[in-house]
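**Student:** This structure is in C-alpha cells; I'll ask about it shortly.
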Amino acid sequence: MKILIADDNSTDRMILTKILQNQNAEVLAAKDGLEAVEFFQEFKPDLILMDALMPNMDGYEAVIEIKKLAGETLVPIIFLTSLKEASELARCLEVGGDDFLTKPYNKTILEAKIKALERMKSLHDEVRTQRNEIQKFNEHMIREQEVGKKLFDKIAHNDNLNTENIRYLLSPMSIFNGDLLLVDTTPSGIVHILIGDFTGHGLPAAIGTLPVADIFYGMTAKGFSVIDIITEINTRLCSILPVGVFCCATICEVNYRDNSLMNWSGGLPDGYLVRPEHGIVERFISRHLPLGVLSPENFSQEVEVRRFETHDRIMLFSDGILEAESPKHDFFSTQQLEKVIAENVNSLDTLYDKLLLALNMFTQSEEQSDDYTLIEYGLQQEESHSETSVSHIAPQEVEPMEWCTTHEFRATSLKTFDPLPLILRILNDCAGLNDYRSQIFTILAELYTNALDHGVLGMNSSLKESVEGFTEYYAIKAHRLKTLEDGFVNIRLENIPSANGGTVHIRVSNSGAGFDYENLNVGDKNFSGRGLKLVRSLSQSVEFSNNGKQIDVRFDWEYS
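Heads up: the sequence shown begins at 3 in our numbering, then just goes up one per residue.
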C-alpha cells in the first residue's frame, strides 16, 4: 500500500514513516500542502495522512485540491491535528477528509484507522468496477436495441405515414414501442388505418407488432378488406401470444369512391370523426374485446359504416394519451382532449399542434408512464384514381402471354369470401400486367361491388344520398348477405397480347334482375353513379348487355 504523509514537522514525519514502514507500506513524505498535491499527481498514493496546519498551503486547501484531482477514485484521507475544538475537527471532514487523528499519535488507533479505510477503499473500488461493467453492458444492450428498433421500424412502418394529410405522434416509453400505427392503400385506392396498443411496454410488447404489421401490409396490398385483415390478425395473435397478452386496436377503411368509413374497434379509447365548425360528429366506440383474446370461432367481425365529408378528420389515439400524468399525478383524460377539440373546431388545421401543446403543458415534461400514440388523418376527396403513376418495364424483359380465366362465386362464397385478392394475385403473376394492377383492380372492384350489391342483393343506391340512408344501406346489405341462399357473380378475364403490350377484356355478370343502365345518373353529386364514371375513365370501352346484368370492359396496356 502506498501512503503519503504531509506534515511540516520533520519529527512527526519521521515517526509516522517508521510506523507505516513497519506495516510494509510504501511511504512518501511531503513537508507542506503544496508538495503533497505535487506528490499526489506524480505517485498516485492509496491513502494520505494530512496535517491540518502547514505553511505555503495548509491541509484544508490541499485536500480540496486532491479530491478534485482524484475525481471518482476514492483516496482516503486522515487529518493529523493537535486541534481540540469541535468546529475545527468538523472542518476536517467538511473539506473532504474521511477521518482525523489527534496528536500525540496512538500507534494502535492509527493502524486500526488505516485498516478500516483500506477496507472502505477496497469496497469502493469493487463497487466502481462493477458499476463500470454494468454501464458497459447497458451501453452494449442499448446499441443492440437501437439496431433492433431500426429493424422493427422498417418492418412495422412505411412511408405512408409521411403524407401531408397525416399527422401523428409515436412516443415510446422505452426504446421499443408496444404501440403501432399502420397506414396503407389497396390497389383500388381504399385506405386502411390501424392503431394498436399491446399490453406492457418495451421489447416484450413490441414483438407482437411484427406479425400484425406483416398481415396488415400483406393483405392490404392484395386488396383484402379490413374485416378479413382484422380476422386474420386475431387468429394469428391467438396462436402465438401467451395468456394475458393482447392487442387493443382500431382499424378503419376509408373509401373515397362513396365517402364511406368502416371501422372495427376493440379495447382502445373512443376515436373521433371531427368536422370543421361542428367538432366531434361521430365516435368510434370500442364494441369488441382486444385482438388475441377470443378464439377465431368466437371472434366478432361486426363493423360500423358511416359517411364522411371532405375535410373531416379521423382522430385515433392509445390510452397512453388519456393517462398522461401531470406533476400532481392527475390524468390528461377524455375531458381534456375533447375540450381542446371543441376549442378549435373553427381551425382544424392547427388542431394537432394544439393537442400536442396542451399535452406538453399538462405533463410539464414528466416522465412517460406509457407509450403515446396519436394520429390525425385528414379526409381529402381523391380524384386521382385515373392518374395512377405507373412504372413500366422494358418489353424485352418479358414475353406477354395469351390467357383466359373464369371464376363463378355462388351464395355461400359471396357471404364470406372476397374474390378480388385472388384475382389480383393472378394479375401479379402475369408478365407486364403487374404495373397496371391498380387500374385493373379498381375496375374489378367497382364491377364486382355493382354486381353483388345491385345485382345479387338488389340494393338501391339512392339510399346513400343521405346520412341516415347511408348507414341504413350497409345495415340492409349485411342482413341480405347473411340470409342469401341463391345467386352468383361470374368474373371472366382474358388477355390478348400485342406487339407493344396487350388488351385485357373483363366481363362481370350476375344473377340479379338487371337495371336501366341507359338512364343511370353518373353525375358527381350522386354516389351511385361514381363507380361507372370511374370505370369509364380508366378503360377504353364499357358495354352493358342482358338488361344490365352483364358488363364488358376493355383495358388496353402497353410497355413504355
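Note that beta-carbon positions come from the ideal geometry of N, C-alpha and C, so glycine has one too.
If Q338 and A360 are in contact, beta carbons under 8 Å, what's the gap, nearest whole angstrom?
**Tutor:** 7 Å
**Student:** How about N22 and F45: are their beta carbons less than 8 Å apart?
**Tutor:** What sits at residue 22 in the sequence shown is Leu, not Asn. In this structure, F45 does not lie closer than 8 Å to L22 by Cβ.
**Student:** Using a threshold of 8 Å, state whether the C-beta atoms of L18 and L51 are closer than that.
**Tutor:** Result yes, Cβ atoms of L18 and L51 sit closer than 8 Å.
**Student:** Taking C-alpha atoms, which residue in H456, R315 and Q132 lies nearest to L534?
**Tutor:** H456
**Student:** Below 8 Å between beta carbons: does that hold for L196 and F178?
**Tutor:** No, the Cβ-Cβ distance between L196 and F178 is not below 8 Å.
**Student:** For chain B, is any of its Cβ atoms less than 8 Å away from the one on E74?
**Tutor:** Chain labels in this structure do not include chain B; a single protein chain is all it has.
**Student:** Which residue spans inside the stretch 465-520 form an unbroken alpha helix (DSSP H) run of at least 4?
**Tutor:** 469-484
**Student:** If you draw a straight line from the C-alpha of Q132 to the C-alpha of L172, how long is it?
**Tutor:** 35 Å
**Student:** As a quick exercise: from K69, E87, Q303 and L184, pick the residue whose alpha carbon is nearest that of A480.
**Tutor:** Q303
**Student:** Could you check where the beta strand (DSSP E) with E2 kicks off and where it finishes?
**Tutor:** As displayed, the chain neither begins before 3 nor continues past 562, which places residue 2 out of reach and without an answer.
**Student:** Can you tell me whether Q552 is helix, strand or coil according to DSSP?
**Tutor:** For Q552, the secondary structure class from DSSP, reduced to helix, strand or coil, is strand.
**Student:** Please list the terminal residues of the continuous alpha helix (DSSP H) segment that includes C94.
**Tutor:** That run of the alpha helix (DSSP H) goes A88 to E96.
**Student:** On the three-state DSSP scale, how would you describe G322?
**Tutor:** When secondary structure is reduced to three states using DSSP, G322 falls in the helix class.
**Student:** Going straight from the alpha carbon of L357 to that of G99, what length do you get?
**Tutor:** 54 Å
**Student:** Straight-line CA distance for K138 to S267?
**Tutor:** 44 Å
**Student:** Pick out whichever of D518, W559 and D260 has its Cα sitting closest to the Cα of A550.
**Tutor:** Per the sequence shown, the amino acid found at residue 550 is Gly instead of Ala. If you compare the alpha carbons of D518, W559 and D260 with that of G550, the shortest gap goes to D518.
**Student:** If you reduce the DSSP assignment to three classes, tell me which class E311 lands in.
**Tutor:** coil
**Student:** Could you pull out every unbroken alpha helix (DSSP H) segment of at least 4 residues lying fully inside the stretch 59-138, listed in chain order?
**Tutor:** 61-72 and 88-96
**Student:** Using only alpha-carbon positions, find the residue among L459, E474 and G460 that is nearest to K466.
**Tutor:** E474
**Student:** Give me the Cβ distance between C406 and E496, rounded to the nearest whole Å; I'm assuming they're in contact under 8 Å.
**Tutor:** 4 Å
**Student:** At which residues does the alpha helix (DSSP H) containing N362 begin and terminate?
**Tutor:** L353 to T365
**Student:** Beta strand (DSSP E) containing R193: first to last residue?
**Tutor:** Looking at the sequence shown, residue 193 is not Arg but Val. Residues V193 to F200.
**Student:** With distances taken Cα to Cα, identify the nearest neighbour of N362 among I5, A326 and Y258.
**Tutor:** Ranking I5, A326 and Y258 by Cα distance to N362 puts A326 first.
**Student:** Grouping DSSP H, G and I as helix and E and B as strand, with all else coil, what is S543?
**Tutor:** The answer is strand: DSSP assigns S543 an E or B state.
**Student:** Work out the CA separation of V276 and H507 for me, nearest whole Å.
**Tutor:** 42 Å
**Student:** Assign I7 to buried or exposed, taking buried as 16 or more other Cβ atoms, counted over all protein chains shown, within 10 Å of its Cβ.
**Tutor:** buried
**Student:** Which same chain residues, not among the five before or five after I242, have their C-beta less than 7 Å away from its C-beta?
**Tutor:** P213
**Student:** By DSSP's criteria, G268 is part of a beta bridge. Which residues make up the other side?
**Tutor:** In the DSSP output, where bridge partners are listed per residue, G268 has A251 and H290.
**Student:** Could you give the C-beta distance for I445 and F557, rounded to a whole number, given that I count them as a contact under 8 Å?
**Tutor:** 7 Å
**Student:** Within 10 angstroms of the Cβ of Q382, are there 16 or more other Cβ atoms? Answer buried if so, exposed if not.
**Tutor:** exposed
**Student:** Measuring only the C-alpha atoms, how far is N24 from A88?
**Tutor:** Within the model, the alpha-carbon separation for N24 versus A88 is close to 32 Å.
**Student:** Under a three-way DSSP split, which group does S349 fall into?
**Tutor:** Coil.
**Student:** Pick out whichever of V491, A92, T104 and I66 has its Cα sitting closest to the Cα of S415.
**Tutor:** V491
**Student:** By Cβ distance below 7 Å, which residues in the same chain neighbour I116 in space, the five residues on each side in sequence not counted?
**Tutor:** L49
**Student:** Are the CB atoms of N502 and Y438 within a distance shorter than 8 Å?
**Tutor:** no
**Student:** Can you tell me where the beta strand (DSSP E) with R15 in it begins and where it stops?
**Tutor:** Not the beta strand (DSSP E): R15 falls in the alpha helix (DSSP H), residues S12 to Q23.
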